[in-house]
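Per the working numbering, the sequence shown runs over residues 389 to 542.
One structure is given here, and the rest of the page talks about it.
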Amino acid sequence: MADKSFHISRETTISARPERIHALLDDFHEWQAWSPWEGLDPAMERTYTGSANGVGAIYAWRGNSKAGEGRMEILESEPLHVAVDLLFAAPMKAHNRVDFTLTPAGDDTRVEWAMTGPQNVVMRLMSKVWSMEKLVGPDFEKGLAQLKRTAEHA
Numbered sequence: 389m390a391d392k393s394f395h396i397s398r399e400t401t402i403s404a405r406p407e408r409i410h411a412l413l414d415d416f417h418e419w420q421a422w423s424p425w426e427g428l429d430p431a432m433e434r435t436y437t438g439s440a441n442g443v444g445a446i447y448a449w450r451g452n453s454k455a456g457e458g459r460m461e462i463l464e465s466e467p468l469h470v471a472v473d474l475l476f477a478a479p480m481k482a483h484n485r486v487d488f489t490l491t492p493a494g495d496d497t498r499v500e501w502a503m504t505g506p507q508n509v510v511m512r513l514m515s516k517v518w519s520m521e522k523l524v525g526p527d528f529e530k531g532l533a534q535l536k537r538t539a540e541h542a
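What follows is the structure in structure tokens.
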């Protein structure tokens with residue numbers, strides 16, 4: 389049977405300073421500009437609570453069957469790292485951790501977007517056919533491309 393946990397990551401290089409990119413990650417209101425899932429449901433309900441940004445900022449959503457339902461909370465926010473607790477309620481329940489790591493590279497910044505989490509029995513069986521890499525990897529690539537466009541054209 390497949391592993392009891394998963395880890396996926398993607399990275400890109402963005403022609404922007406880490407501070408600019410951090411501001412787009414650290415404030416859930418900014419995610420509408422770059423998140424690959426924002427366009428899945430034009431009528432999606434969004435709720436922002438907790439801190440305005442940084443540690444304690446909370447974003448919850450409820451949408452159609454494509455967007456699902458869930459909640460994110462920023463757990464850590466440092467100049468080169470943002471960690472998010474991600475809880476999916478629908479279409480499938482899951483509890484994962486998301487990490488964004490920023491690495492300065494001259495005038496550019498390398499951005500890694502990673503997600504880790506447990507795989508229950510159903511997910512482990514499904515991973516034989518649909519791996520998390522195949523399910524989520526393309527979304528991460530799309531999101532990083534949109535983050536790049538947003539950060540570079542600000």
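The beta-carbon is built from N, C-alpha and C at its ideal position, and this holds for glycine as well.
Beta-carbon proximity of residue i to residue j, cut-off 8 Å
i, j, result
"L470", "H410", "The sequence shown places Val at residue 470, not Leu. The answer is yes: Cβ separation under 8 Å."
"T489", "F394", "no"
"K536", "I402", "yes"
"G345", "D414", "There is simply no residue 345 to check, as the chain begins at 389 and stops at 542 in what is shown."
"G386", "A477", "Residue 386 cannot be examined here, being either before or after the span of the chain that is shown, 389 to 542."
"A445", "I462", "yes"
"A539", "R408", "yes"
"P479", "S453", "yes"
Through-space distance from residue j to residue i, alpha-carbon basis
i, j, result
"I396", "G525", "7 Å"
"Q507", "R405", "35 Å"
"S465", "P492", "16 Å"
"L474", "M460", "5 Å"
"F548", "E433", "Absent from the structure is residue 548, since the part of the chain shown begins at 389 and ends at 542."
"F528", "P467", "21 Å"
"L412", "Q534", "11 Å"
"L428", "D496", "30 Å"
"N484", "H541", "31 Å"
"E440", "G451", "Looking at the sequence shown, residue 440 is not Glu but Ala. Each residue's alpha carbon lies about 22 Å from the other."
Integer Cβ distance of residue i from residue j, believed to fall under 8 Å
i, j, result
"A421", "T435", "In fact, because the Cβ distance is near 18 Å, the residues do not count as touching under 8 Å."
"W501", "L532", "6 Å"
"W425", "A455", "6 Å"
"V499", "T437", "Between T437 and V499 the Cβ distance is about 26 Å, and since that is not below 8 Å, they are no contact."
Cβ-heavy atom distance, residue i to the ligand HEM, below 7 Å
i, result
"F476", "With respect to the ligand HEM, the structure shown offers nothing to examine, as it has no ligands at all."
Contact with chain D by residue i, beta-carbon distance below 8 Å
i, result
"A502", "Any reference to chain D falls outside this structure, which holds one protein chain only."
DSSP beta-bridge partners of residue i
i, result
"N484", "L474"
"G458", "W449 and F476"
"V499", "T400 and L490"
"T437", "I446"
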